[in-house]
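Residue numbers (the numbering used here), protein chains in the order written: chain A, 134 to 482; chain B, 73 to 278; chain C, 13 to 127; chain D, 18 to 627.
To start, the structure under review is shown below, and the notes come after it.
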Amino acid sequence: MKYLWRLLPLSLILLMSGCGVQNLSALDPQGPVAEMQYSLIQLSLYIMIFVLVIVFAIYIFVLYRFRERPGDTHIPKQVHGNRTLETIWTTIPILLLLMLAIPNVMDTFTLADVSVNEEGEESEDGEMDHVVVEVMAHQFWWEFTYPDYDITAGQDMYIPTDTRIIIELQSSDVQHSFWVPALAGKQDNVPGIQNDMWFEAPEEGVYMGKCTELCGPSHWLMDFKVIAVDPDTFETWASNMAEPPSNVTEPEGEVAVDGRGVFEQSCISCHAVGDDGGNIGPNLTNYGEREVLAGYMDPTDENLEAWLRDTQEYKPGNEMPNFDHEAINDEEMAALIEYLNELKILEEE
Amino acid sequence: MADHQAVEQHTLPPNPEKATLEGRNKYLGFWFFLGGETVLFGSLFGTYLGLRDGVVDGPGPSDLFHLDLVFIMTMILLTSSLTSVFAVINMKRGNYKGLLMWMWATVLLGVAFLGFEIYEFYEYYHLGLGFTTSAFASSFYTLVGTHGAHVAFGVSWITVLLIRYRKSGLTLTNAPKFYTAVLYWHFIDVVWVFIFTVVYLLGIGG
Amino acid sequence: MSSHVDPSAPLQGKPSKSTERKLKNEMRTQLISFVFMIFITSMAFLSIASDAVPSGFAIPFILILASVQVILQLYFFMHMNAKGTGWVNVMIWSGLFVAALTVATLMLLIGVVKY
Amino acid sequence: MSYEKAQSKNVIWDWLTTVDHKKIGIMYLAGGAFFFALGGLEAILMRIQLMFPEFTFVQAQTFNELLTMHGTTMIFLAAMPLLFGFMNFIIPLQIGARDVAFPFLNALGFWLFLFGGILLNVSWFVGGAPDAGWTAYVPLSSESPGHGLDYYVLGLQIGGAGTLIGGINFLVTIINMRAPGMSMMRMPLFTWSSFVASMLILFAFPALTIGLLLLMLERLFGATYFAVDFGGNVIIWQHLFWIFGHPEVYILILPAFGIFSEVLATFAKKRLFGYSAMVFATLIIGFLGFMVWAHHMFTVGMGPVANAIFAVATMAIAVPTGIKIFNWLLTLWGGRIQFTTANLFALGFLPSFVMGGVTGVMLATSAANYQFHDTYFVVAHFHYVIIGGVVFGLFSGTFYWWPKMFGYRLNETLGKWFFWLFLIGFHLTFFVQHFLGLMGMPRRVASYLPGQGLDSMNFISTMGAFLMTVAFILLLVCIFVSTKNRTNVADPWDGRTLEWTTPTPVPEYNFAQTPLVRELDAYWHEKYEGDGKMKAAEPLEDIHMPNGTILPVVMSLGLVVAAFGLIYLVHPLTIVGFAITFGAMFVRSIKEDHGYHIPVEAIKRDKEEG
Ligand code: HEA
Ligand code: HEA
Ligand SMILES: [Cu+2]
């Protein structure tokens, strides 16, 4: 048991210093929702440590004091019980639990409140004070639709900083769960049902998100990113997504033009660029600015080719077919990759 | 079987079903089983109520249900409950013939009920309500069908008892068997009360 | 060798006078409760079948009638009011309690409406 | 069958046909131990896969199968049967009964469990085990390709029927079969907590039965309860599963609590502190156990009112559990604590379980649960309560009752090594998982990416699991090397309750004469306040015993055949299977079987020999 004792304070230090990778850890909150949850976690942890200290103290005292010593054969007094003691250890836990239950109930209601101010959607300085994002989960990728902007993005979810983000969660197949630990706890994407949540990101940054409901063999790879940018950038991003700049719609480089051809032949039935294309797979309008490829890989050319050639190896069970050399030869592949890499809507301004 | 002589002749106790330890165990155990069955049917009712609006393009309750048929079925089952009560009273009287006769009546009523239910399902099927048509259809057939399966099991069980013990007279062994079968039968009726109320009456009126 | 009970021997004799009397009484009670059940069942059907009864009244009404009838079945037909049925009552009511929770949950908490 | 015939039976046939609660108890233990090793093996394979980031020891699909089967096996096929083993063997002895209320059904329950478990595991060999988690959330489970989930549905259905039968059997046994003087409030706490656990079984398992039935009809016959396009709803499954699932965890822990109550009182040499409060707390836990299931569903979108209510109800369970914890501590207070292996496990339980319990209360904090849910924090929580509670209870019970059951004592030195290694391995494995969860590691992931700060803790966790494996193997060694330890096995620990008054090996009729109980801790009372012997409540007479029968095996086998018919939609096979089962039921009901009597002379002979 000594072992445990040493671990306890150690773990506390670990906890309080905010361990874990920034932007992935619930212990390093980056927005008001995660902060609210973090302070509840802290509160509950303190209460629990209080309980543990009391129990461990009695425990160690008892074990030490009343251990059998060599030669001791006395028969202890057969005690029946004690009213007072029993009242005490019924009352104190109740009080401790109330200390936790009351803030918890309040926070539960706060977190469930997704209403936005009705006055009008614009605040004084003309900026939007909330953005609605419909999050559709698919095996094994994420689709983000911004109904007010009439745009759809895949895998990377751009949001403006300091703005209330209203999330409407849905699923197109099995149940998934939407979790961005540094910004907010999770809610589930349930087929047939819509769940709402909200969060805010005061700081610009890239926040890692994960699916946390077992959804098939590639569940563990179903990551996404939340990218918080300042509201102006966000507006630019949104309008460019809606009407992509010319480099996206009409690529200039010769190779990229060929690439566009390959894309139109092999990819467009599932993936859209701009308005153009299917929606079975993620929208690729801003592929060139993706943080990651397929939700989790470095978006290098080699990885992209490997992925296209053998998607089932990298995300087993996903809907995308493999493209072998017969479907896309090496030359075409290079062109396609170049085309995809050029799909940038923010920097090419 | 018995390698010992029966010495004592038994006189009829007031509650022959509970006169032996085996009987008392059976009695209690069976009641507990019914307690579990309550939750079982509760889950089915809940599922049905949760899904009853899920008719999609298929027919819904008000397109299907006829009160007259359900009323007849209800009366049959209710009456069969009474006949089984009479059976138990006769058992306690030591009137074995009476016990058998009332139990047979119960079986007959049970069979009649099943007949109506099969007819009913047949009709719904022809009105376009297949088992897989909609969530409503699946949950309806599952709930009412599970009840029907209970009726069928009850009928077979009692029939086996009646044939097996047609000549034995009332004994300390078969009294608890008849008694538990009757409990089961009443329970089937209890479930039906909820079915006709929640499924049929609410289906039409609510 | 001591004597053993033979459980397959037919039971002999008549019930005692007091038992007879009790059974007579019981017969009458059961008949009355049966008639009453028929009555309330018919009321339930009528209240739905006739247009005269508004459904705002009919629905709670038939649910109450159903509960009454179930109580009658349990306590009269199935003798849950007899002596020595303490544990039976515990288990049946616990079962009903869990069943009621289940039904309420599956009606309300399946995500369609948020509470 | 006569007494002589009953005595001379082929050993294998004897075990196949036995209706003796002690033999059935031992078979439950053996079956449970087998599945525990299997589930442990699956855990080890998972832990190896998670040892390094992006490790490819097993494929993702295999990993999902492993985690599903690990959870399912451990809960349904290991922990519960092992507890049932002790309950079967010990309860009748503790209440002074000759057998359980329904010996036939008792055997049936065991064979249903065994065949259900085997059926479930057949899936490994015929194209893949179930892969949707032990919770089998729809529509992942209802649409999972292959037959894995069909095996899950039918295997659990068969095993679950066995459990329900067992539960009813214990309830009636405890109510009807107690020896004279053994009032409810004189029952040992193991019996009490098993009683409450059986009540939970009675009301929780039917919800699972229906859940599985629906899932089966959906998968095999195209029903549409969970198909959104047909008006179905996927949350219904989750409710049905957790209405069963949460009480299930108390079904596991309550009997373990019972074991600790016996062991701690015995080795502190003190009467259990606050006996009636303990009984009351057990009942409250059982009751509250039915009010909290939705704490597994906080993130599923029930709404804030529902979340708040279920959060508060869940927290309330900490109160009765705390009452128990403090009563145990006060039982030790003022005692003379002996550090036997059995007691070490009980003592190890106290801090370990409290750590798991308090993280449970943290999880119950609904708003914070959005962060905890479906992460390794939850995995850490439930292994702390399950291993620190249930598994420690099982090991404690093993060392405590082994002499009574098998006639020899387990080696204490090896036992203590086993304890310490297991304890350290257990904390090493699961303590770090709290942080893994909070640092962003979801549960049920086949692997994780490097550079997310999850590597070293996962490695530590796997090392702990290896340590547990070493410990477990040590236990097996301990069992085999101890067989010579045959001194004083009837009452090796200065026991307090009736099971220690029986001779060892326990005769098939348990008690030559039913004992008369005069106090709580009946045997202790007679030892320290009487003449050390139980008073008899009846004269020495012939003892009536039930006959053995093969029908339970046949009935269970029939259901397995029917299950194969259903899984592969071969309807004739299904019909044959059900025909076998119902045929056996029919035979059972028309063939009266009145058992046999053991003559007084034979009992007297036993007494002299023993
Ligand atoms: C034996 C099994 C067992 C036991 C006993 C418990 C006990 C408890 N469990 Fe646990 N639980 C599981 C097994 C168990 N659990 C499993 C298997 C899962 C995961 C299932 C899955 O998803 O696969 C789970 C998941 C789980 C969740 C869902 C997590 C999630 O998925 O998001 C929650 C949430 O509320 C929870 C809560 C609790 C609580 C409050 C208790 C309480 O009963 C604990 C009470 C005990 C104490 C609190 C300690 C002693 C008390 C004191 C010393 C008094 C003073 C204390 C205070 C004032 C706090 N459990
Ligand atoms: C009674 C319940 C129980 C028990 C005892 C255990 C015991 C263990 N469990 Fe688990 N576990 C669950 C119930 C249980 N578990 C459940 C319900 C889940 C959730 C599943 C889901 O998500 O659906 C889970 C999930 C789970 C996970 C998370 C998987 C995931 O989410 O991806 C992990 C990971 O570390 C894990 C590890 C372990 C380990 C290392 C042990 C160890 O303690 C195991 C100890 C056992 C041994 C050490 C025996 C070893 C034996 C051998 C190796 C063979 C030797 C044999 C012979 C010599 C004959 N368990
Ligand atoms: Cu729970």
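Quick reminder that beta carbons are idealized off the backbone N, C-alpha and C, glycines included.
All figures in this text were calculated on a predicted structure; none of them were measured in a lab.
Item                                                                                                                  : Value
Nearest-angstrom Cα separation, counted from residue 175 of chain A out to residue 214 of chain D                     : 34 Å
Residues that residue 301 of chain D contacts on chain A, provided the C-beta gap is smaller than 7 Å                 : None at all; the shortest Cβ gap to chain A is about 11 Å.
Collapsed DSSP secondary structure at residue 426 of chain D in the structure displayed                               : coil
Three-state secondary structure assigned by DSSP to residue 115 of chain D                                            : coil
CB contact check: residue 55 of chain C to chain B, cutoff 8 Å                                                        : no
Nearest-angstrom beta carbon gap, residue 104 of chain B and residue 189 of chain D [assumed within contact, 8 Å]     : 7 Å
Span separating the alpha-carbon of residue 361 of chain A from that of residue 291 of chain A                        : 6 Å
Rounded separation between residue 252 of chain A and residue 373 of chain A - CA only                                : For residue 252 of chain A, the pLDDT reaches just 49, beneath the cut-off of 50, and the residue's location in the model is therefore unreliable, leaving the point undetermined.
Residue environment, residue 27 of chain D, which counts as buried when at least 16 other CB atoms sit within 10 Å    : exposed
Residue 523 of chain D - DSSP class collapsed to helix/strand/coil                                                    : coil
Where the alpha helix (DSSP H) containing residue 133 of chain D begins and where it ends                             : 120 to 139
Selection from D/375, D/524, D/320 and D/593 that minimises the alpha carbon distance to residue 620 of chain D       : D/524
Simplified DSSP assignment, three categories, for residue 475 of chain A                                              : coil
Members of the region 310 to 342 of chain D that neighbour chain C once the beta carbon cut-off is set at 8 Å         : 311, 317, 318, 319, 320, 321, 322 and 323
Closer than 9 Å at the beta carbon, the chain C residues around residue 323 of chain A                                : 123
Near ligand 3: residue 263 of chain D beta-carbon under 7 Å from a heavy atom                                         : yes
Min CB distance residue 141 of chain B to chain C below 8 Å                                                           : no
Proximal chain D residues relative to residue 226 of chain A, where beta-carbon distance stays under 7 Å              : 335, 336 and 339
Identity of the residue in D/383, D/348 and D/335 nearest residue 371 of chain D by Cα                                : D/335
Whole runs of the alpha helix (DSSP H) within the region 461 to 502 of chain D, excluding any shorter than 4 residues : 472 to 498
Cross-chain neighbours of residue 290 of chain D in chain A, by beta carbon under 7 Å                                 : 212 and 214
Listed by chain order, chain B residues near residue 153 of chain D by CB distance under 9 Å                          : Correct list: empty, because the minimum Cβ distance to chain B is about 16 Å.
Test: residue 26 of chain C CB closer than 8 Å to a CB of chain B                                                     : yes
Interface residues of chain C facing residue 326 of chain A [CB-CB closer than 9 Å]                                   : 122, 123 and 124
Residue of D/267, D/47, D/247 and D/313 minimising C-alpha distance to residue 222 of chain D                         : D/267
Any non-hydrogen atom of ligand 2 within 7 Å of residue 446 of chain D CB                                             : yes
CB contact below 8 Å: residue 252 of chain D versus chain A                                                           : yes
Residue-level contact to chain D via CB, residue 207 of chain B, 8 Å cutoff                                           : yes
Run of the alpha helix (DSSP H) containing residue 24 of chain C, from where it starts to where it stops              : Note, residue 24 of chain C: premise wrong, no alpha helix (DSSP H); not H, not E.
Residue from D/112, D/245 and D/601 with nearest C-alpha to residue 212 of chain D                                    : D/112
Residue 342 of chain D CB to nearest heavy atom of ligand 4 below 7 Å                                                 : Summarising the ligand content, the structure contains ligand 1, ligand 2 and ligand 3 and does not contain ligand 4.
CA-to-CA distance, residue 251 of chain B to residue 382 of chain D, given in whole angstroms                         : 50 Å
The region 129 to 145 of chain D / the region 239 to 254 of chain D touching (three or more Cβ pairs under 8 Å)       : no
C-beta neighbour in chain C for residue 146 of chain D, strict 8 Å                                                    : no
Where residue 252 of chain A sits in the DSSP three-state scheme                                                      : Annotation note: pLDDT 49 at residue 252 of chain A (below 50); position unreliable, no value reported.
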